[in-house]
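J.: Please see the structure below; I have some questions.
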Amino acid sequence: MAAVLAVEGILALATGRVFLLWMPRRVNRPGLWGAGTLLMAAALATARITPFELNILLMLSGAVLASLPQKLGNSEESRPE
Numbered sequence: 888m889a890a891v892l893a894v895e896g897i898l899a900l901a902t903g904r905v906f907l908l909w910m911p912r913r914v915n916r917p918g919l920w921g922a923g924t925l926l927m928a929a930a931l932a933t934a935r936i937t938p939f940e941l942n943i944l945l946m947l948s949g950a951v952l953a954s955l956p957q958k959l960g961n962s963e964e965s966r967p968e
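In case it helps, the working numbering puts the sequence shown at residues 888 to 968.
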């Protein structure tokens with residue numbers, strides 16, 4: 888799971904698109920989503936060697952970053968006309 892999240896996070900940061908089939912077709916801010924998934928991948932990959940508090944901090948901060956793009960909306964929608 889850590890490898891899948893890491894690859895998807897890198898692809899989202901590099902291309903600006905999310906390629907997961909179960910995700911919505913359009914993620915509003917793929918860079919922010921990619922950074923969140925990379926943090927969650929790091930938390931999963933280092934779960935056995937990091938202290939519990941650090942692991943939970945990485946996982947929750949990644950989850951917040953990955954969910955923020957859906958709450959913030961599209962950058963074009965928030966611009967006044």
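Beta carbons: idealized from backbone N, C-alpha and C, even for Gly. All values derive from a computational prediction rather than experimental measurement.
With a Cβ-Cβ cutoff of 8 Å, do Ala953 and Gly923 count as a contact?
T.: Contact flag set, yes.
J.: Whole beta strand (DSSP E) runs in the stretch 909 to 935 with 3 or more residues, listed along the chain?
T.: The stretch 909 to 935 contains no whole beta strand (DSSP E) run of 3 or more residues.
J.: Considering only residues of the same chain and omitting the five flanking positions on each side of Val914, which have a CB-CB separation below 6 Å?
T.: Cβ neighbours of Val914 beyond the five flanking positions: Val905, Trp920, Pro956.
J.: Alpha carbon to alpha carbon, how far is Met844 from Leu959?
T.: This structure gives no information on residue 844, because the portion of the chain shown stretches from 888 to 968.
J.: How is Gly896 classed by DSSP in three states: helix, strand or coil?
T.: Residue state, collapsed to three classes: helix.
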